[in-house]
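**Q** Once you've had a glance at the structure underneath, I'll fire off some questions.
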Amino acid sequence: MASQSTTDQLLEVFGFLTDPQAPVRRIALASLLPYTAADAPERKLFLRDSHIEQLATMCADVELIAHDALSALINLSNQLEVVQRLDKYPGYLAGLVRMIIDDKAVLSDLACMLLSNMTKLDSAARDLVALHVPFRFVDADSTAASAPGDADEAAPPEPKKQKVETSEFELPALDLLLEVFLKGDDKKYNPNATYDFLASVFANVSLLPAGRAFLLSTPDRKAEPPLAKIISFTEHPSTIRRGGVASTIKNAAFEKAGHTRLIAPTNDPVADNGCIDLLVQLLLPLCGSEEFDIDILDELPQDLQLLPPDKQREPDAQIRGILIETLVLLATTRANREAMRARGVYHIIKEAHLKEQTPAVKEAMVRLVNLLMRDEGADTAVEEVDVPTDASELPEVPAFGQSGFVSASGEQVAKETAVEEEDPAVEDEPSASAPVTEAEPVSHHDNLPLSKLQPEEDEDEMLLEV
40 MASQSTTDQL LEVFGFLTDP QAPVRRIALA SLLPYTAADA PERKLFLRDS HIEQLATMCA
100 DVELIAHDAL SALINLSNQL EVVQRLDKYP GYLAGLVRMI IDDKAVLSDL ACMLLSNMTK
160 LDSAARDLVA LHVPFRFVDA DSTAASAPGD ADEAAPPEPK KQKVETSEFE LPALDLLLEV
220 FLKGDDKKYN PNATYDFLAS VFANVSLLPA GRAFLLSTPD RKAEPPLAKI ISFTEHPSTI
280 RRGGVASTIK NAAFEKAGHT RLIAPTNDPV ADNGCIDLLV QLLLPLCGSE EFDIDILDEL
340 PQDLQLLPPD KQREPDAQIR GILIETLVLL ATTRANREAM RARGVYHIIK EAHLKEQTPA
400 VKEAMVRLVN LLMRDEGADT AVEEVDVPTD ASELPEVPAF GQSGFVSASG EQVAKETAVE
460 EEDPAVEDEP SASAPVTEAE PVSHHDNLPL SKLQPEEDED EMLLEV
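Under my numbering, the residues of the sequence shown are numbered 40 to 505, in order.
What follows is the structure in structure tokens.
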């Protein structure tokens with residue numbers, strides 16, 4: 040009876056979301072927000088009627104209302120139906136992108152979190168990759184009146200004529216998001232946002248062939264591809280940004296056709312030949328403060344030589360595992376194996392293995408060393424380890440809702456209760472937003488053959504909740 044009474048009261052409150060007075064809408068939404076939590080049984084009421092669409096509309100309301108509307112949708116977006124309805128809502132995806140790229144928007148980070156949750160749905164990720172955001176440019180050309188002649192010096196001057204030209208154009212959404220992700224580091228673009236959760240968005244879209252094409256493609260071979268612009272963040276202070284970028288790099292490594300572009304053959308400066316050279320940024324987080332002999336130092340890339348005595352390895356075991364698995368994927372190409380040998384990768388991994396405490400990460404390191412230490416011959420000229428690149432052969436994108444969720448503060452919460460009973464053989468991946476304990480596995484695929492390695496859904500395969 041009490042539950043029914045609560046339901047009736049909440050349904051009555053929903054009616055005030057469309058009230059013409061902003062204070063009434065704000066109080067009503069603030070009253071409903073606690074019931075969007077993952078463990079709230081009343082959250083199913085939000086699926087009725089057009090409440091999700093109403094919340095989407097309220098994201099463009101005054102700031103306090105928009106904050107709670109975004110927070111509610113972040114909490115509710117661990118449900119497939121919610122994301123599907125948001126994805127189909129006309130203009131909503133473009134509106135989120137506009138909010139994110141606004142350098143004065145206060146709620147950009149919340150918009151990034153919601154976009155991260157939404158792009159876990161395959162269709163939403165595809166829509167984002169294909170999205171072009173329309174803009175209108177207004178150019179007002181003021182032209183002063185001509186100077187009066189001698190005959191009409193006393194006549195009043197004619198009013199100035201203003202010529203207004205309006206042009207419309209569209210820009211790819213991923214290009215816009217990439218720009219603010221790079222500029223927004225440490226709140227340099229928008230003092231109200233860090234844009235760290237965009238790393239999860241890039242990780243999600245990189246599960247798709249079109250997303251990987253965006254990351255690896257350039258107008259010409261001398262231009263820097265988007266992936267090359269984000270790899271430096273593997274050493275960023277934010278676990279969210281580091282983990283998302285590491286997952287993005289790993290997913291890009293599934294495009295085996297471009298493997299030789301991802302590892303430079305020598306330590307010499309990379310020529311303008313389209314090579315990205317991920318090696319330094321993959322190895323640097325795995326390095327400690329060890330001192331190497333001079334002959335070993337000569338093999339290492341310059342950025343890995345003479346590291347400071349306080350250099351620390353990546354503290355998150357899952358991210359370390361992702362970095363190692365990326366190296367394993369890249370080592371399936373013989374040219375990359377030879378480059379790794381010549382550039383001292385073995386010595387870095389050997390020292391990292393001695394310090395590693397997580398069994399699954401140690402196992403991945405052993406696999407990498409086995410590839411590097413093997414004898415090469417005619418039989419290895421053709422790649423013997425199959426990593427499929429055809430879209431139909433790549434591992435399936437993880438189904439929406441298969442993984443747990445984390446709150447905006449990084450706290451892990453229970454899975455959506457409406458999801459079907461889980462297979463006990465499938466383990467959740469630990470959150471990259473919190474350090475993984477030594478006894479936990481870094482992923483659910485460590486004991487599978489290399490050809491069965493799965494792409495990373497984002498930095499922690501988690502959905503976010505406020």
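Glycine is no exception: its CB is placed at the ideal position from the N, C-alpha and C atoms.
Nearest-angstrom Cα distance between D414 and R376?
**A** For the purposes of this step, residue 414 is identified with residue 375 of the sequence shown, where counting begins at 1. For the purposes of this step, residue 376 is identified with residue 337 of the sequence shown, where counting begins at 1. Looking at the two C-alpha atoms, the distance is approximately 11 Å.
**Q** Checking 7 Å against the spacing of the C-beta atoms, do R359 and V400 come in under that value?
**A** On the sequence shown, position 320 is the one that residue 359 refers to. On the sequence shown, position 361 is the one that residue 400 refers to. Yes, these two residues count as a Cβ contact at 7 Å.
**Q** Please list the terminal residues of the continuous alpha helix (DSSP H) segment that includes H275.
**A** Along the sequence shown, read from residue 1 onward, the residue named residue 275 stands at position 236. Unbroken run through H275: none, as it is neither H nor E.
**Q** Got a sec: is the Cβ-Cβ distance from R359 to anything in chain C below 7 Å?
**A** Checking the listed chains, one finds no chain C in this structure; it contains a single protein chain.
**Q** Evaluate the contact criterion for the segment 354-368 versus the segment 279-288: three or more CB pairs, one atom per stretch, below 8 Å.
**A** yes
**Q** Shortest alpha-carbon distance to I361 belongs to which of K159, Q320, I139 and V219?
**A** In the sequence shown, counting from the first residue as 1, residue 361 sits at position 322. Closest option to I361, Cα to Cα, is Q320.
**Q** For the alpha helix (DSSP H) containing I315, name the first residue and the last one.
**A** By 1-based counting over the sequence shown, the position of residue 315 is 276. In this chain, I315 is not harboured by any alpha helix (DSSP H), its DSSP state being neither H nor E.
**Q** Below 8 Å, can you find three or more Cβ-Cβ pairs linking the segment 140-155 to the segment 218-236?
**A** yes
**Q** Kindly indicate which three-state DSSP category F253 falls into: helix, strand or coil?
**A** Looking up residue 253 in the sequence shown gives position 214. Of the three classes helix, strand and coil, the one that applies to F253 here is helix, per DSSP.
**Q** Can you tell me which of the three DSSP states F236 falls into?
**A** Indexing the sequence shown from 1 puts residue 236 at position 197. F236: coil per DSSP, three-state reduction.
**Q** Determine the extent of the alpha helix (DSSP H) in which T57 is found, giving its start and end residues.
**A** The count along the sequence shown starts at 1 and reaches residue 57 at position 18. First-last for T57: undefined, no H or E at that position.
**Q** So, using beta-carbon positions, are A292 and L369 closer together than 7 Å?
**A** On the sequence shown, position 253 is the one that residue 292 refers to. On the sequence shown, position 330 is the one that residue 369 refers to. Yes; because the gap between Cβ atoms is below 7 Å, this pair is in contact.
**Q** If we ignore side chains and look at the alpha-carbon of each, how far apart do I270 and H392 end up?
**A** One-based indexing of the sequence shown puts residue 270 at position 231. One-based indexing of the sequence shown puts residue 392 at position 353. Inter-residue distance for I270 and H392 is about 23 Å (C-alpha atoms, whole angstroms).
**Q** Count the CB pairs spanning the segment 295-302 and the segment 237-249 that are closer than 8 Å, and state whether there are at least three.
**A** no
**Q** Return helix, strand or coil for S206, following the three-state DSSP convention.
**A** Here residue 206 is taken as the residue at index 167 of the sequence shown, counted from 1. It is a strand residue.
**Q** Applying the 10 Å Cβ sphere with the 16-neighbour rule, what's the burial state of Q118?
**A** Within the sequence shown, the letter at position 79 stands for residue 118. Q118 should be labelled buried.
**Q** Buried or exposed: A262, going by 16 or more other Cβ atoms within 10 Å of its Cβ?
**A** In the sequence shown, residue 262 corresponds to position 223, counting from 1. Exposed: under 16 other Cβ atoms inside 10 Å.
**Q** So, under 8 Å CB-CB, A95 and Y128 are touching, yes? Tell me the CB distance rounded to an integer number of Å.
**A** Taking the sequence shown and counting its residues from 1, one reaches residue 95 at position 56. Taking the sequence shown and counting its residues from 1, one reaches residue 128 at position 89. That pair is a contact at about 5 Å.
**Q** Considering only their Cβ atoms, is the gap separating L221 from K268 smaller than 7 Å?
**A** Here residue 268 refers to the residue found at position 229 when the sequence shown is read from its first residue. Here residue 221 refers to the residue found at position 182 when the sequence shown is read from its first residue. Against a cut-off of 7 Å, the Cβ pair of L221 and K268 comes out as a contact.
**Q** Hey, how far is the Cα of I387 from the Cα of K289?
**A** For the purposes of this step, residue 387 is identified with residue 348 of the sequence shown, where counting begins at 1. For the purposes of this step, residue 289 is identified with residue 250 of the sequence shown, where counting begins at 1. Roughly 19 Å between the two C-alpha positions.
**Q** Does the beta-carbon of A453 have 16 or more other beta-carbons within 10 angstroms, so that it is buried, or is it exposed?
**A** Taking the sequence shown and counting its residues from 1, the one referred to as residue 453 is at position 414. Any reading at A453 must be qualified, since the residue scores a pLDDT of 44, below 50, and its modelled position is unreliable; the value itself is stated next. With fewer than 16 neighbouring CB atoms inside 10 Å of its own CB, A453 falls in the exposed class.
**Q** Give the DSSP-derived three-state secondary structure of P304 in the structure shown.
**A** Numbered from its first residue, the sequence shown carries residue 304 at position 265. The answer is coil: DSSP assigns P304 none of H, G, I, E or B.
**Q** Would you kindly work out how many angstroms separate the C-alpha atoms of K394 and E338, rounded to a whole number?
**A** In the sequence shown, counting from the first residue as 1, residue 394 sits at position 355. In the sequence shown, counting from the first residue as 1, residue 338 sits at position 299. Between K394 and E338, the C-alpha separation is close to 22 Å.
**Q** Just verifying my parser: in three-state terms, what is the DSSP assignment at F220?
**A** Translated into positions along the sequence shown, residue 220 becomes position 181. Three-state DSSP puts F220 in a helix.
**Q** Measure the alpha-carbon distance for L121 versus L86 and round it to whole angstroms.
**A** Locating residue 121 in the sequence shown gives position 82, counting from the first residue. Locating residue 86 in the sequence shown gives position 47, counting from the first residue. Here residue 121 turns out to be Val, not Leu, going by the sequence shown. Near 7 Å, if we compare the C-alpha coordinates of L86 and V121.
**Q** How about E207 and R175: are their beta carbons less than 7 Å apart?
**A** To locate residue 207, count along the sequence shown from 1; it is residue 168. To locate residue 175, count along the sequence shown from 1; it is residue 136. Taking 7 Å as the cut-off, the beta carbon of E207 is found closer than this to the beta carbon of R175.
**Q** On the premise that L135 lies in contact with D107, defined as a C-beta separation below 8 Å, what is that separation, rounded to the nearest angstrom?
**A** As a position in the sequence shown, residue 107 is number 68, starting the count at 1. As a position in the sequence shown, residue 135 is number 96, starting the count at 1. With 8 Å as the limit, D107 and L135 do not qualify as a contact, their Cβ atoms being about 16 Å apart.
**Q** Assuming contact is defined by CB atoms lying nearer than 7 Å, are V172 and A133 in contact in what I supplied?
**A** Taking the sequence shown and counting its residues from 1, the one referred to as residue 172 is at position 133. Taking the sequence shown and counting its residues from 1, the one referred to as residue 133 is at position 94. Between V172 and A133, the C-beta spacing is below 7 Å.
**Q** Can you tell me whether R165 is helix, strand or coil according to DSSP?
**A** Residue mapping note: residue 165 aligns to position 126 of the sequence shown, counting from 1. In the three-state reduction of the DSSP assignment, R165 falls in the helix class.
**Q** Shortest alpha-carbon distance to P62 belongs to which of L317, L103 and Q123?
**A** Locating residue 62 in the sequence shown gives position 23, where the first residue counts as 1. Checked all of L317, L103 and Q123; the closest Cα to P62 is L103.
**Q** For the candidate residues L56, I333 and D349, whose alpha-carbon lies nearest to that of S89?
**A** What you label residue 89 is simply residue 50 of the sequence shown in a count that begins at 1. Distances from the CA of S89 to each of L56, I333 and D349 were compared; the closest alpha carbon is that of L56.
**Q** At 4 residues or longer, and completely inside the segment 51-127: list those alpha helix (DSSP H) runs for me, N to C.
**A** The qualifying runs are 61-71, 90-97, 102-115 and 119-127.
**Q** In chain order, what are the residue ranges of uninterrupted beta strand (DSSP E) at least 3 long that sit wholly in the segment 344-406?
**A** none
**Q** Just reading off the alpha helix (DSSP H) that A292 is part of, what are its end residues?
**A** To locate residue 292, count along the sequence shown from 1; it is residue 253. The continuous stretches of alpha helix (DSSP H) do not include A292, and DSSP gives it neither H nor E.
**Q** Which of helix, strand or coil does DSSP assign to F241?
**A** For this step, residue 241 is matched to residue 202 along the sequence shown. In this structure, F241 counts as helix in the three-state DSSP scheme.
**Q** Under the three-state reduction of DSSP, which class applies to N324: helix, strand or coil?
**A** On the sequence shown, residue 324 is found 285 positions in, with the first residue counted as 1. Note on identity: in this sequence residue 324 is Pro, with Asn being the wrong assignment. Note: P324 maps to helix in three-state DSSP.
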